[in-house]
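Participant: This is the structure I have questions about; it appears just below.
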Amino acid sequence: MEYNFTEIEKKWQAYWAANKTFKADDNSAKPKYYVLDMFPYPSGAGLHVGHPLGYIASDIMARYKRHKGFNVLHPMGYDSFGLPAEQYAIQTGQHPAITTEQNIKRYREQLDKIGFSFDWDREVRTSDPNYYKWTQWIFIQLFNSWYNKQSNKTEKLETLIAAFEKNGNKNIDAVCDDNVKTFSAEEWKSFSEKEKSDVLMAYRIAYLGEAYVNWCPALGTVLANDEVKDGVSERGGHPVERKLMKQWSMRITAYAQRLLDGLDNLDWTESLKETQRNWIGRSEGTSLSFNIQHSTFNISVFTTRPDTVFGVSFVTLAPEHELVSEITTAEQKAAVEDYVTKAKNRSERERQAEVDKVSGVFTGAFVEHPFTGKPIPVWVGDYVLAGYGTGAVMAVPAHDERDFKFATHFGLPLPQVIEPTREHDFKKDAWGEKEGKLINSDFLNGLEVKAAIKKAIEEIEKRELGKGKTNYRLRDAVFGRQRFWGEPIPIYYKPARRSDGTLEEGGGDIPYALNENELPLVLPEVDKYLPTEDGEPPLARAANWKYKGEFTYEHSTMPGWAGSSWYFLRYMDSKNNNEFVSKEKAKYWNNVDLYIGGSEHATGHLLYVRFWTKALNDLGYINIEEPAQKLINQGMIQGRSNFVYRLDLNQNNINLIVPKNIFISKDILDVIVKTDRKCKEYEDLVKEIKKRFGYEIVFENEINITKINVDVNIVENDILNIEKFLNWRKEITNPLFFYNKQNEYVCGVEVEKMSKSKWNVVSPDDICEKFGADTLRLYEMFLGPLELSKPWNTNGITGVSGFLKKLWRLYVNGVSEETPTKAELKTLHKTIKKIAEDIERFSFNTSVSNFMICVNELSDLKCNKRAILEPLLVLISPYAPHITEELWSLLGHKQSIAFENYPEFIAEHLVEDNFSYPISFNGKMRFNLELPLTLQVSEIEKIVLEHEQSQKYLEGKQPKKVIIVPKKIVNIVV
RNA sequence: GCCUCUGUGGUGGAAUUGGUAGACACGCAGGACUUAAAAUCCUGUGACCUUAACAGUCGUGCGGGUUCAAGUCCCGCCGGAGGUACCA
Numbered sequence: 003m004e005y006n007f008t009e010i011e012k013k014w015q016a017y018w019a020a021n022k023t024f025k026a027d028d029n030s031a032k033p034k035y036y037v038l039d040m041f042p043y044p045s046g047a048g049l050h051v052g053h054p055l056g057y058i059a060s061d062i063m064a065r066y067k068r069h070k071g072f073n074v075l076h077p078m079g080y081d082s083f084g085l086p087a088e089q090y091a092i093q094t095g096q097h098p099a100i101t102t103e104q105n106i107k108r109y110r111e112q113l114d115k116i117g118f119s120f121d122w123d124r125e126v127r128t129s130d131p132n133y134y135k136w137t138q139w140i141f142i143q144l145f146n147s148w149y150n151k152q153s154n155k156t157e158k159l160e161t162l163i164a165a166f167e168k169n170g171n172k173n174i175d176a177v178c179d180d181n182v183k184t185f186s187a188e189e190w191k192s193f194s195e196k197e198k199s200d201v202l203m204a205y206r207i208a209y210l211g212e213a214y215v216n217w218c219p220a221l222g223t224v225l226a227n228d229e230v231k232d233g234v235s236e237r238g239g240h241p242v243e244r245k246l247m248k249q250w251s252m253r254i255t256a257y258a259q260r261l262l263d264g265l266d267n268l269d270w271t272e273s274l275k276e277t278q279r280n281w282i283g284r285s286e287g288t289s290l291s292f293n294i295q296h297s298t299f300n301i302s303v304f305t306t307r308p309d310t311v312f313g314v315s316f317v318t319l320a321p322e323h324e325l326v327s328e329i330t331t332a333e334q335k336a337a338v339e340d341y342v343t344k345a346k347n348r349s350e351r352e353r354q355a356e357v358d359k360v361s362g363v364f365t366g367a368f369v370e371h372p373f374t375g376k377p378i379p380v381w382v383g384d385y386v387l388a389g390y391g392t393g394a395v396m397a398v399p400a401h402d403e404r405d406f407k408f409a410t411h412f413g414l415p416l417p418q419v420i421e422p423t424r425e426h427d428f429k430k431d432a433w434g435e436k437e438g439k440l441i442n443s444d445f446l447n448g449l450e451v452k453a454a455i456k457k458a459i460e461e462i463e464k465r466e467l468g469k470g471k472t473n474y475r476l477r478d479a480v481f482g483r484q485r486f487w488g489e490p491i492p493i494y495y496k497p498a499r500r501s502d503g504t505l506e507e508g509g510g511d512i513p514y515a516l517n518e519n520e521l522p523l524v525l526p527e528v529d530k531y532l533p534t535e536d537g538e539p540p541l542a543r544a545a546n547w548k549y550k551g552e553f554t555y556e557h558s559t560m561p562g563w564a565g566s567s568w569y570f571l572r573y574m575d576s577k578n579n580n581e582f583v584s585k586e587k588a589k590y591w592n593n594v595d596l597y598i599g600g601s602e603h604a605t606g607h608l609l610y611v612r613f614w615t616k617a618l619n620d621l622g623y624i625n626i627e628e629p630a631q632k633l634i635n636q637g638m639i640q641g642r643s644n645f646v647y648r649l650d651l652n653q654n655n656i657n658l659i660v661p662k663n664i665f666i667s668k669d670i671l672d673v674i675v676k677t678d679r680k681c682k683e684y685e686d687l688v689k690e691i692k693k694r695f696g697y698e699i700v701f702e703n704e705i706n707i708t709k710i711n712v713d714v715n716i717v718e719n720d721i722l723n724i725e726k727f728l729n730w731r732k733e734i735t736n737p738l739f740f741y742n743k744q745n746e747y748v749c750g751v752e753v754e755k756m757s758k759s760k761w762n763v764v765s766p767d768d769i770c771e772k773f774g775a776d777t778l779r780l781y782e783m784f785l786g787p788l789e790l791s792k793p794w795n796t797n798g799i800t801g802v803s804g805f806l807k808k809l810w811r812l813y814v815n816g817v818s819e820e821t822p823t824k825a826e827l828k829t830l831h832k833t834i835k836k837i838a839e840d841i842e843r844f845s846f847n848t849s850v851s852n853f854m855i856c857v858n859e860l861s862d863l864k865c866n867k868r869a870i871l872e873p874l875l876v877l878i879s880p881y882a883p884h885i886t887e888e889l890w891s892l893l894g895h896k897q898s899i900a901f902e903n904y905p906e907f908i909a910e911h912l913v914e915d916n917f918s919y920p921i922s923f924n925g926k927m928r929f930n931l932e933l934p935l936t937l938q939v940s941e942i943e944k945i946v947l948e949h950e951q952s953q954k955y956l957e958g959k960q961p962k963k964v965i966i967v968p969k970k971i972v973n974i975v976v
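Counting in the numbering used here, the first sequence runs from 3 upward without gaps.
Here it is, written out as structure tokens:
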């Protein structure tokens, strides 16, 4: 009987679906195991072979844990809101819901072919109103919450309002906007509705605030920091500007310290944790205030180097700093205004591109040095960022690289206050290291930098010039998107009214959240997916879309990360109509035990999901502090592009009118180029062309070659299939292929990202069709360690498919009930041990190797014993589920193999009487010697030294030292 | 610049705690079966030198070090990948 994978795989996929084999149980006595793949966005291009890599690994874990007696939750769904579908809708007018539906269908078909053990009953889609109802619900909870620094927790807004009513805000220690004024209980009570709303807005976790945002004109929307790479949008690569806008935002900064601390207990890769740490960017320092001469204003700066305070030679403000216009003198006004306007209008990209260019302008104003009282000039420079710290720095050019550049550019003094610990040229460079002794610094003189920092902070605090402070680079996350295809933000606006109920002219609008029972706020229909003529988001086009027919809804939608920030919770209870997740189910499933996905989500999704989890935890809805305990980043599978090389005769050849389609095999071309055409291959080529076309080719300079991408699906092991090639490129007529000695056309190879335009996309469907899903699964694992990026190439796939055939052959002639031999048991139990170790450390590539070794050995032993072959099937079934199910049923079983107990490792089968010792002399292995393990070390030494081979290496000398490690090695030092 | 990871045959990779470097697979070479091909099976395969056979020398990016013993640990350098960057 032949191994017919097509039939087998279809049969078992249907069986699993019909029997709901992988349905997870919410009430089980078994221990739980939650294994999750990062939410895929269903793109129009479908899956390529890189996508399933992580899914296969997680599926192996899921199936393995089922064998191990766990109740496994292994769900899948779609992050189905997003830009590409909307861009497509703009181009075609087709509703994104329709294209999304089609794409999901295609994804599902592709996923089904690979034989994953997902519990599809729990599927979720972020664009489904039944799902986004709860995303909106969570938004409302965050809108109605604030961060209490005293309890270090998110709390409901009622506790804050109650406190305001009692004592005003003077005892409140909250994470809030900087500009909140202090008020008493009486004042609070006297505030109008609008005033109260404005005050509360400064405290809410989800808040409407004015901030500099990343505005992307081409996409017509704002973007979060992690959606901007190198000054352009991550999706589409469009330029991004900084723009002051009123935007819905999330106060993630409140969680900065907890997000940082939480990392220590997570089982994530060090690099991923480092990326998050850098992104959060904690730095400790102090604020320090500088009074402006002849003025009541003062400039507060943030510095991590208060020790260098006596080295301050100027103060720099960000162009956006609010004091710039206040303090600029009349003489400098024109120059400053000019500079500020220019700086503000520069795009992010220009700003980054010109990092090395120093620019700035003097304001004409001076501050007093807080300790010496000396006047210090105030400058404006765009190397100071408005959004970080206070938007102002004290510049210490002798000890800070950036200040140094600025100072040397404008000829400002460079007072030195630290004695470097090694030779240093202050004319060339700043001494930025936190090492050395303080000089020229009054009370800090003689101190080491670290001690000086401490002392300086003490002194600053004592004189009430500032306060020790910790800053974070992390910014609040912009939450509104001026786009159509996203969750509507469940907010409407009421015009402000006075306390007597009359409309306040010009009082603005007050945002209100919808009632929970009014959710979901369904995405309305629009005539076009574009902004309105006055630049309002697409939702403003929706006709008659008003709250209670009267009040305007918020027109921006939520960002892509909203739905994915809590989906791991929804899978636990995906059908719940009353809650986003029930407390009991959240308690049972707790968090994700294994999360697999790409490292590109390090600063986006993985930070946001941790943030939402902490907030929901604080509010008491769940009892989970971190979403995923263990996380693995699977590597990227790159494309492996193939090329053909066309000889270009147009320019350099004296005979101009010759046929164009001459293709040279890569190996021959390499020889020709390397020898500069002084080789037999080139002579042959010239002859061949002459023979075929009647032309003598001559090149004056270099040989001209055009490299052409060729569809990798018509190339096998880098050998071009000529017939398919000509079929693919019908326009090529009368071609000449210049082959190598094997009469083959060898293609060139380059590793690039997998993409349609490079003709290097390989679909898993093709592999499934040609080799079967089990081979695809094994091969993707066999390719190398999961975390490593590697190019896709099918060169070794025959080895894996051969292995499955060999496995099949072990079973198809029937099994015997005889007692297995010692050798057979040894092979089996060796494999059980290895595979268990491999899985526990996620080393799936080595487990495939170990299966091969096992099957090779059993084939050599001609093993057909049920007692060996049955456990082996269970071992392999997580990796190659279809073939093992089939063989399992051929062995007479009526139930699926999926829940069979994992075979137990019995150590005694591996016990050996002898060990083959490698005998080394001076660390060099010379020969092996098989010795009984019962021997004492002294006996081993005696036998080894007396061995005839040893005599040769001893050359009659006495050994200096003999090292014997039992069951490992013998090393003799001569 | 900084941070993280990484460097092993012709190729993908293995070597889990310092203990026989190159498992397993591809490729290649030779052989069996076949009219032939495919499929399958067997043998060999790090480099060098040499042989009838044995044996020998070198070898995990480069240079040092620790150790009886280093792909593995330490120091310095070089290359590759990813992240991040006027964050005061």
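Beta carbons are placed, not taken as given, at the ideal position from N, Cα and C, and that holds for glycine. What you are looking at is a predicted structure, and each value in this text was computed from that prediction instead of being measured.
What would DSSP say about residue 783, mapped onto helix, strand or coil?
Facilitator: As a first step, residue 783 must be located in the first sequence, where it is residue number 781. In the structure shown, residue 783 sits in a helix (DSSP, three-state: H, G or I).
Participant: Which one of 570, 450, 373 and 511 has the shortest CA to CA distance from residue 466?
Facilitator: Residue 466 sits at position 464 when you count from the first residue of the first sequence. Ranking 570, 450, 373 and 511 by Cα distance to residue 466 puts 373 first.
Participant: May I ask you to verify whether the stretch 212-225 touches the stretch 241-253, counting CB pairs closer than 8 Å and requiring at least 3?
Facilitator: Contact between the stretch 212-225 and the stretch 241-253 is present, because at least three Cβ pairs lie under 8 Å.
Participant: Roughly how many whole angstroms lie between the Cα atoms of residue 738 and residue 727?
Facilitator: Taking the first residue of the first sequence as 1, we reach residue 738 at position 736. Taking the first residue of the first sequence as 1, we reach residue 727 at position 725. About 13 Å.
Participant: For residue 218, report the span of its beta strand (DSSP E) as first-last.
Facilitator: Taking the first sequence and counting its residues from 1, the one referred to as residue 218 is at position 216. Residues 208-218.
Participant: Please give the ranges of any alpha helix (DSSP H) in the stretch 550-596, keeping only runs that are unbroken, at least 4 residues long and fully inside the region.
Facilitator: Entirely contained in the stretch 550-596, the alpha helix (DSSP H) runs reaching 4 residues are, in chain order, 563-566, 569-572 and 585-591.
Participant: Could you please give me the residues that DSSP links to residue 252 through a beta bridge?
Facilitator: Position 250 of the first sequence, counted from the start, is the residue given in the question as residue 252. BP columns for residue 252 point to 208 and 479.
Participant: Comparing alpha-carbon positions, which option in 917, 923 and 957 lies nearest residue 969?
Facilitator: Against the first sequence, residue 969 aligns to sequence position 967. Minimum Cα distance to residue 969 is reached at 917.
Participant: By Cβ distance, which residues of its chain are closer than 7 Å to residue 364, with the 5 residues on each side in sequence left out?
Facilitator: On the first sequence, position 362 is the one that residue 364 refers to. Cβ neighbours of residue 364 beyond the five flanking positions: 334, 379 and 381.
Participant: From residue 793 to residue 642, what distance separates their C-alpha atoms?
Facilitator: By one-based count along the first sequence, residue 793 stands at place 791. By one-based count along the first sequence, residue 642 stands at place 640. Cα-Cα distance, rounded: 6 Å.
Participant: Taking contact to mean 3 or more Cβ pairs, one atom from each stretch, closer than 8 Å, check whether the stretch 545-555 and the stretch 487-496 are in contact.
Facilitator: Cβ pair count under 8 Å is three or more, so yes.
Participant: So, using beta-carbon positions, are residue 405 and residue 397 closer together than 8 Å?
Facilitator: As a first step, residue 405 must be located in the first sequence, where it is residue number 403. As a first step, residue 397 must be located in the first sequence, where it is residue number 395. Yes, the Cβ-Cβ distance between residue 405 and residue 397 is below 8 Å.
Participant: Tell me, which residues are paired with residue 396 by DSSP?
Facilitator: If you number the first sequence from 1, residue 396 lands on position 394. Residue 396 is bridged to 317.
Participant: Taking the DSSP output, what are the residues bridged to residue 740?
Facilitator: Position 738 of the first sequence holds residue 740. Paired residue(s): 666.
Participant: Can you name the start and end residues of the beta strand (DSSP E) that residue 963 belongs to?
Facilitator: The residue given as residue 963 occupies position 961 in the first sequence. Residues 963-967.
Participant: Could you check whether residue 310 and residue 420 sit closer than 8 Å to each other, using their CB atoms as the reference points?
Facilitator: Taking the first sequence and counting its residues from 1, one reaches residue 420 at position 418. Taking the first sequence and counting its residues from 1, one reaches residue 310 at position 308. Yes, these two residues count as a Cβ contact at 8 Å.
Participant: According to the Cβ coordinates, are residue 226 and residue 238 closer than 8 Å?
Facilitator: Walking along the first sequence from the start, residue 226 turns up at place 224. Walking along the first sequence from the start, residue 238 turns up at place 236. Not in contact: residue 226 and residue 238 (Cβ atoms no closer than 8 Å).
Participant: May I ask you to verify whether the stretch 551-565 touches the stretch 590-602, counting CB pairs closer than 8 Å and requiring at least 3?
Facilitator: They do not touch, by the three-pair rule.
Participant: Can you tell me whether residue 983 is buried or exposed? The criterion is at least 16 other CB atoms within 10 Å of its CB, across all chains shown.
Facilitator: Given a span of 3 to 976 for the chain in the structure shown, any question on residue 983 remains unanswerable.
Participant: Does the stretch 126-134 come into contact with the stretch 155-166, if we say contact requires no fewer than three beta-carbon pairs (one atom in each stretch) closer than 8 Å?
Facilitator: No, because fewer than three Cβ pairs between the stretch 126-134 and the stretch 155-166 fall closer than 8 Å, the two stretches do not touch.
Participant: Taking Cβ to Cβ, would you say residue 170 is nearer than 8 Å to residue 148?
Facilitator: Here residue 170 refers to the residue found at position 168 of the first sequence. Here residue 148 refers to the residue found at position 146 of the first sequence. No. Outside cutoff.
Participant: Might you give, ordered along the chain, the residues of its own chain that have their beta carbon closer than 7 Å to the beta carbon of residue 587, omitting 5 neighbours on each side?
Facilitator: By one-based count along the first sequence, residue 587 stands at place 585. Result list for residue 587: 28, 574 and 575, in chain order.
Participant: State yes or no: is the C-beta of residue 770 within less than 8 Å of the C-beta of residue 115?
Facilitator: As a working mapping, residue 770 is identified with position 768 in the first sequence. As a working mapping, residue 115 is identified with position 113 in the first sequence. Contact: yes.
Participant: Can we say the stretch 264-281 touches the stretch 628-636, given the rule of at least three CB pairs closer than 8 Å?
Facilitator: A contact exists between the stretch 264-281 and the stretch 628-636.
Participant: So within the stretch 795-837, which uninterrupted alpha helix (DSSP H) runs reach at least 4 residues, ignoring any that extend past its ends?
Facilitator: If we require 4 residues or more, the alpha helix (DSSP H) runs fully inside the stretch 795-837 come out as 799-813.
Participant: Look at the Cβ atom of residue 821, then the Cβ atom of residue 860, and state whether they are nearer than 8 Å.
Facilitator: Indexing the first sequence from 1 puts residue 821 at position 819. Indexing the first sequence from 1 puts residue 860 at position 858. For residue 821 and residue 860, no; Cβs fall outside 8 Å.
Participant: Can you list, in chain order, the stretches of the beta strand (DSSP E) that have 3 or more residues and sit fully within the stretch 692-729?
Facilitator: Counting only runs of 3 or more, we get 707-712.
Participant: Hey, how far is the Cα of residue 504 from the Cα of residue 195?
Facilitator: Reading the first sequence from its first residue, position 502 is the one you call residue 504. Reading the first sequence from its first residue, position 193 is the one you call residue 195. Distance between the alpha carbons of residue 504 and residue 195: 12 Å.
Participant: So what's residue 36 in DSSP terms, helix, strand or just coil?
Facilitator: As a first step, residue 36 is located in the first sequence; it is residue number 34 there, counting from the start. The answer is strand: DSSP assigns residue 36 an E or B state.
Participant: For residue 302, does the three-state DSSP call read helix, strand or coil?
Facilitator: On the first sequence, residue 302 is found 300 positions in, with the first residue counted as 1. If DSSP states are grouped into helix, strand and coil, residue 302 belongs with the strands.
Participant: Just how far apart, CA to CA, sit residue 824 and residue 911?
Facilitator: Here residue 824 is taken as the residue at index 822 of the first sequence, counted from 1. Here residue 911 is taken as the residue at index 909 of the first sequence, counted from 1. Near 7 Å, if we compare the C-alpha coordinates of residue 911 and residue 824.
Participant: Taking 7 Å as the limit between beta carbons, can you name the residues of its chain near residue 710, skipping five residues before and five after?
Facilitator: Along the first sequence, read from residue 1 onward, the residue named residue 710 stands at position 708. These residues qualify, in order along the chain: 645, 646 and 648.
Participant: Give the secondary structure of residue 173 by DSSP, where H, G and I count as helix, E and B as strand, and everything else as coil.
Facilitator: Residue mapping note: residue 173 aligns to position 171 of the first sequence, counting from 1. Note: residue 173 maps to coil in three-state DSSP.
Participant: Can you check which of these residues, 348, 960, 524 and 508, is closest to residue 487 by C-alpha distance?
Facilitator: One-based indexing of the first sequence puts residue 487 at position 485. Of the listed residues, the one whose Cα sits closest to residue 487 is 524.
Participant: Below 8 Å, can you find three or more Cβ-Cβ pairs linking the stretch 888-898 to the stretch 53-65?
Facilitator: Too few Cβ pairs lie closer than 8 Å, so no.
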